[in-house]
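Notes follow the structure.
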Amino acid sequence: MKKDNAPMEAMLLAAKDRVRLHMPGHKGRLDPFDTTELPVTDDLYAPESGIRRAEEMAARAFGAAHTLMLTGGSTAGILAMLLAYVSPGEQVILPRNAHHSALSACVWGGLDAVFADELSQAVARHPQARAVFVTRPDYYGRCMDLAPLCAQAHAAGMRVLVDEAHGAHFAWWDQPQSAGRLGADAWVQSAHKTLPALGGGAWLHLAEGMDARRARRFLRMVQTSSPPFPILRSLDNARAWMDAHGREALAALCAQIRVLRRRIEALGGYVCRDTDDPTRLVIETLGRGATGFAAQDALGERGVDVEMADDEGLVCILTPMDERTWYDRLVEALAALPQGTPLARRPVPLPPPGPRAMSVREAALAPQEATPLDRAEGRVAAVSAGLYPPGTPLVLPGERVTGPAVERLRRMPPSRRFGVEDGCLICVK
């Protein structure tokens with residue numbers, strides 16, 4: 003890798019053999035690139051040399067006016083993005099299945115959360131909102147049509163803030179396009195999810211006119227004051243590698259995935275869903291006579307681990323870093339799953355949400371108590387509770403718990419629900 007295309011690598015290599023009379027205590031023995039903020043290694047929150055150049059190169063790659071490197075994952079980026087660009091008391095429109103970090107930002111920042119299943123309708127109903135928060139793509143590789151929503155929101159004076167955690171690779175192909183190219187004002191990406199970067203490596207991208215210094219100030223609040231340099235190095239190296247090889251590598255990967263899909267469907271009983279993101283492999287298993295959970299267990303016994311399972315199938319994240327023999331092992335493991343009587347798809351609609359009794363912040367900070375599920379109906383939830391995967395909430399903080407929500411939660415095994423502790427829902431006293 004050329005040093006001029008990877009400034010973090012060059013900076014840390016130059017500092018690797020210096021006398022380390024400073025933290026961290028392992029003194030480079032665990033990782034020679036793990037150091038601290040020094041005049042020769044730059045400062046993540048006041049970058050002037052290697053980090054600054056790495057962020058500038060990332061901004062060019064992603065079509066942003068500014069890019070900020072993150073070591074706390076998209077969680078840190080979402081927190082900083084919402085806290086920086088929506089002020090206390092201002093409304094922000096969010097989908098009900100927004101990442102938990104978005105709810106945390108509403109709690110910490112006193113944001114007035116407006117939850118909606120249909121964002122465009124919510125923008126029309128709440129023209130006074132300061133921003134709309136979008137999750138795109140989702141776990142299944144589905145991408146909402148973002149450009150019309152951006153145009154609608156901007157016409158109403160709103161900012162569009164996007165959780166694009168699963169779409170860091172979008173910058174190196176034409177479809178689907180990244181949020182920034184479709185009009186987003188700020189968007190967060192997890193490099194570690196789909197690029198060759200270490201866990202926790204992510205970016206916050208800002209469009210022209212967004213205050214980067216303000217965002218960096220909030221990042222200092224939500225991230226460690228001792229940022230891990232190995233993560234920063236891997237972030238920059240991932241961007242550099244993708245700049246050099248990304249388009250070619252993704253094109254080759256997509257060609258291999260097309261072959262893989264045909265091989266899987268030729269086994270019988272499997273359907274590979276069409277997805278907006280072709281690197282997200284979603285395999286329906288009901289035709290094989292197995293739920294996704296049963297198939298996940300069977301594959302796991304053969305040493306094949308997938309990203310996620312649900313009632314209907316499996317979700318696999320595929321990247322240019324995959325070993326191609328893994329695809330053979332996936333096909334072999336799927337072939338070994340006995341053909342059973344096909345199962346019918348039985349989608350169960352989610353119960354409607356209960357009425358809002360107080361704000362997310364008020365509920366989260368109020369005195370709380372653990373309430374057995376069979377006595378939770380009518381109480382005000384202090385936490386989100388719902389079904390996993392993919393993490394869909396049935397009740398949100400500040401909402402009254404409904405009978406249908408309680409019944410759905412009670413029917414699910416503990417491994418399939420979140421927000422329920424020892425059979426109890428955390429409610430406002």
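According to the working numbering, the sequence shown is numbered sequentially starting from 3.
All C-beta atoms, glycine included, are put in the ideal place defined by N, C-alpha and C.
Just so you know, these numbers come straight off a predicted model, no measurement behind them.
Local conformation of residue 20 per DSSP, three classes: Annotated three-state conformation of residue 20 is coil, per DSSP.
Residue 256, buried or exposed, once every other Cβ within 10 Å from all chains shown has been counted against 16: exposed
Under the three-state DSSP convention, the category residue 196 falls into: helix
The segment 130-150 contacting the segment 79-92, beta-carbon criterion three pairs below 8 Å: A contact exists between the segment 130-150 and the segment 79-92.
Spatial neighbours of residue 287 in its chain, beta-carbon cut-off 8 Å, leaving aside the 5 residues before and after: 271, 272, 293, 294, 296, 297, 314, 315, 316 and 339
Local conformation of residue 429 per DSSP, three classes: strand
Inter-residue Cα distance where the pair is residue 336 and residue 303: 12 Å
Residue from 366, 405 and 410 whose Cα sits closest to the Cα of residue 398: 366
Stretch pair the segment 228-241 + the segment 101-114: three plus CB contacts closer than 8 Å: no
Collapsed DSSP secondary structure at residue 415 in the structure displayed: coil
Contacting residues, own chain, Cβ-Cβ under 6 Å from residue 39 (five flanking each side not counted): 45
Nonlocal neighbours in the same chain, by C-beta distance under 7 Å from residue 158, ignoring five residues either side: Cβ within range, chain order: 125 and 129.
Continuous alpha helix (DSSP H) stretch holding residue 245: start and end: 231-268
Anticipated Cβ contact below 8 Å, residue 356 with residue 402, distance rounded: For residue 356 against residue 402, the beta-carbon gap comes to about 4 Å, under 8 Å, which counts as contact.
CA-to-CA distance, residue 70 to residue 10, given in whole angstroms: 14 Å
Option nearest residue 97 by Cα separation, candidates 162, 57, 41 and 86: The residue among 162, 57, 41 and 86 with its C-alpha nearest the C-alpha of residue 97 is 162.
Range of the contiguous alpha helix (DSSP H) that encloses residue 84: It spans 75-87 - the alpha helix (DSSP H) in which residue 84 sits, taken as one unbroken run.
Boundaries (first-last residue) of the alpha helix (DSSP H) holding residue 156: 148-157
Whole alpha helix (DSSP H) elements within the segment 321-376, 4-residue minimum: As far as the segment 321-376 is concerned, its whole alpha helix (DSSP H) runs of at least 4 residues are 326-338 and 362-367.
Candidates 77, 192 and 148: closest to residue 168 by CA position: 192
Backbone secondary structure at residue 6 - three-state DSSP: helix
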